[in-house]
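Protein sequences, first through last, are from chains A and B.
Adding 25 to a residue's 1-based position in the first sequence gives its number in the numbering used here.
Adding 591 to a residue's 1-based position in the second sequence gives its number in the numbering used here.
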Amino acid sequence: MKTRRVAQYGLLIALALVLSYVESLVPAFFAVPGVKLGLTNLVVMVALYRMGDRDAIIINLLRILLVSMTFGNAFSLMYAAAGGLLSGAVMILLKRTGKFKMLTVSIAGGIAHNVGQILIAMVLLGTWRVSYYLLILWWSGLAAGFAIGILSAQVVRRLPESLFNGGQR
Amino acid sequence: MRDHKTPLKKRYDLLLLAALVLVGLGLTAFVLLSRMNSASDGLTVTIRQDNEVVATLPLDEDATYAVQGEDGGTTNLVVIEDGTVHMEEADCPDQLCVKQGKISYAGDSLICLPNRVVVEISGEDEQALDAVAK
């Protein structure tokens, strides 16, 4: 059982790394830092809906650390952590209420991710005048969350039940 | 998945999504309004690096400012031209600040995250804007 969990974590984190790499190959379409699809969030959604809150938190933390160490630096780690942790917290809380669809959870998570990045940017850059960025990142977070939400709902529906629950209950 | 589509759940979803869209529209209105109200003259360009102001220049005078890195080299080249500001060059890999193009309104900013350089335009109403933003 324990081995199985370790393997599942490894699988999902490896997938997160691959998705980050794939995303880094796509050139930035907008001249605003932070506007991106956030494909790795797919992994967090799968963990959240197929494994559990605790597993989703652990996988979220590990993928933030590993992706930043592989593709980024100390500053990108701070941005990734601020966005990823806020988004993870919002998605877990919304999911726990049991009142929202995956799509809604993902959209709120996408926006929360970008709000977290704006907040850390305010601290690091020492400026309050980021309303323009917040505006763009709010809508881009909504759009990215929508896309990832649809994708995750499909993936979670198609993944065989036995992949995550087999041998545990 | 069928239980995710019951009317009760849908209502919560719609409420939350409507709230998120409303906040987004509010932000849009706020940014558009603050632009319309800002006068185009008497604006200043503030260049900051690592949280410290390194230069303050008037927007209505053409100028070029080179932001120096720790090793003495130029990290970012800021150009003020015809009442607009743009980043002419940057030594960072993503070049997002260069791609951002020209800015000319109070409250606009060019941000280079890798070099921690912020170029922003501020006007007389900046204190009022700050109060709202806080």
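Glycine residues also receive a C-beta, built at the ideal position from the N, C-alpha and C atoms.
From a predicted model like this one, the values you see are computed outputs, not experimental measurements.
Residue i, DSSP secondary structure in three states
i                     : result
residue 70 (chain A)  : helix
residue 667 (chain B) : strand
residue 33 (chain A)  : helix
residue 707 (chain B) : coil
residue 637 (chain B) : strand
residue 179 (chain A) : helix
residue 645 (chain B) : strand
residue 716 (chain B) : A caution first: residue 716 (chain B) carries a pLDDT of 49, below 50, which makes its placement in the model unreliable, though a value can still be read off. DSSP places residue 716 (chain B) in coil when its eight states are reduced to three.
residue 696 (chain B) : coil
residue 186 (chain A) : helix
residue 64 (chain A)  : coil
residue 661 (chain B) : coil
residue 652 (chain B) : coil
residue 51 (chain A)  : coil
residue 592 (chain B) : At residue 592 (chain B), the pLDDT of 49 sits below 50, so the modelled position is not reliable and the matter cannot be decided from this model.
Proximity of residue i and residue j at Cβ, strictly below 9 Å
i                     : j                     : result
residue 671 (chain B) : residue 652 (chain B) : yes
residue 133 (chain A) : residue 109 (chain A) : no
residue 42 (chain A)  : residue 67 (chain A)  : no
residue 113 (chain A) : residue 82 (chain A)  : yes
residue 614 (chain B) : residue 163 (chain A) : yes
residue 700 (chain B) : residue 157 (chain A) : yes
residue 618 (chain B) : residue 160 (chain A) : yes
residue 77 (chain A)  : residue 111 (chain A) : no
residue 648 (chain B) : residue 638 (chain B) : yes
residue 646 (chain B) : residue 636 (chain B) : yes
residue 622 (chain B) : residue 698 (chain B) : yes
residue 29 (chain A)  : residue 80 (chain A)  : no
Integer Cβ distance of residue i from residue j, believed to fall under 8 Å
i                     : j                     : result
residue 145 (chain A) : residue 107 (chain A) : 4 Å
residue 118 (chain A) : residue 174 (chain A) : Not confirmed; about 16 Å, so no contact.
residue 668 (chain B) : residue 654 (chain B) : The Cβ separation is near 11 Å, so there is no contact.
residue 692 (chain B) : residue 634 (chain B) : About 17 Å; that fails the 8 Å criterion.
residue 97 (chain A)  : residue 135 (chain A) : The Cβ separation is near 20 Å, so there is no contact.
residue 604 (chain B) : residue 126 (chain A) : 5 Å
residue 73 (chain A)  : residue 120 (chain A) : 6 Å
residue 792 (chain B) : residue 675 (chain B) : This structure cannot settle anything about residue 792 (chain B), because the visible part of chain B is limited to 592 through 725.
residue 84 (chain A)  : residue 34 (chain A)  : 6 Å
Proximal residues to residue i (C-beta, below 8 Å), its chain only, five neighbours per side dropped
i                     : result
residue 71 (chain A)  : 37, 177, 180, 181, 184
residue 682 (chain B) : 660, 664, 665, 666, 667, 706
residue 624 (chain B) : none
residue 684 (chain B) : 705
residue 168 (chain A) : 135
residue 150 (chain A) : none
Other residues of its chain near residue i: CB distance less than 7 Å, five sequence neighbours each side excluded
i                     : result
residue 48 (chain A)  : 61, 62, 64
residue 724 (chain B) : Note on residue 724 (chain B): pLDDT 46, under 50, position unreliable in the model; the coordinate value appears next. Excluding positions up to five away in sequence, the list is empty.
residue 88 (chain A)  : 38, 41, 65, 68
residue 91 (chain A)  : 38, 42
residue 640 (chain B) : 658, 707, 708
residue 616 (chain B) : none
Sequence-distant residues of the same chain with beta carbon closer than 6 Å to residue i, five excluded per side
i                     : result
residue 101 (chain A) : 93
residue 680 (chain B) : 668
residue 688 (chain B) : 678, 681, 701, 703
residue 130 (chain A) : 116, 119, 120
residue 716 (chain B) : Residue confidence for residue 716 (chain B) is low, a pLDDT of 49 falling below 50, so the modelled location carries little weight; the figure read from the coordinates is stated next. Nothing listed; no residue qualifies.
residue 86 (chain A)  : none
In chain order, what are the residue ranges of uninterrupted beta strand (DSSP E) at least 3 long that sit wholly in the region 89 to 154 of chain A?
With a minimum length of 3 residues, no continuous beta strand (DSSP E) run stays inside the region 89 to 154 of chain A.
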